[in-house]
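Student: With the first letter of the sequence shown counted as 1, position 40 gets the number 39 in numbering that gives the first Met the number 0; the numbers rise by one all the way through. Every residue gets a Cβ at the ideal spot worked out from N, C-alpha and C, and that includes glycine.
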Amino acid sequence: MSKVQSARRFKWMLLLMGILVLPGLLTLGNWQLGRAEQKQVLLQQWQRSDEGVKGLSHPAL
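#1: Is the CB of Leu25 under 8 angstroms away from at least one CB in chain D?
#2: Go ahead and pull the three-state DSSP assignment for Ser48.
#3: Give the straight-line distance between the Cα atoms of Asp49 and Leu32, rounded to the nearest whole angstrom.
#4: Taking only the alpha-carbon atoms, compute the straight-line gap between Trp45 and Lys38 and give it to the nearest angstrom.
#5: So, with DSSP's three-state summary, where would you put Ser1?
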C-alpha cells in the first residue's frame, strides 16, 4: 500500500469515526445537562425540607 493510499484510508477512517462518535458525544452531553437539572431540583427540594424541619418547634424535655 502506498503512502497516498494509506493517507486516503486514514482520512476515510477518521471521517467515519467522527460521523459515528459525534452523535454519541452529543447525546451524552445532552444527558449530562438533564442530570444537572434533576440534581438542581433535588437540591432545592432538600433545602425546602430542611427549612421546614428547622421551623418546627421541639417540645422541651
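Tutor: Concretely, from the data shown:
#1: Considering every chain present, this structure includes no chain D. It has just one protein chain.
#2: If DSSP states are grouped into helix, strand and coil, Ser48 belongs with the helices.
#3: The C-alpha of Leu32 is placed about 26 angstroms away from the C-alpha of Asp49.
#4: Whole-angstrom Cα-Cα distance: 10 angstroms.
#5: The DSSP-derived three-state label of Ser1 is coil.
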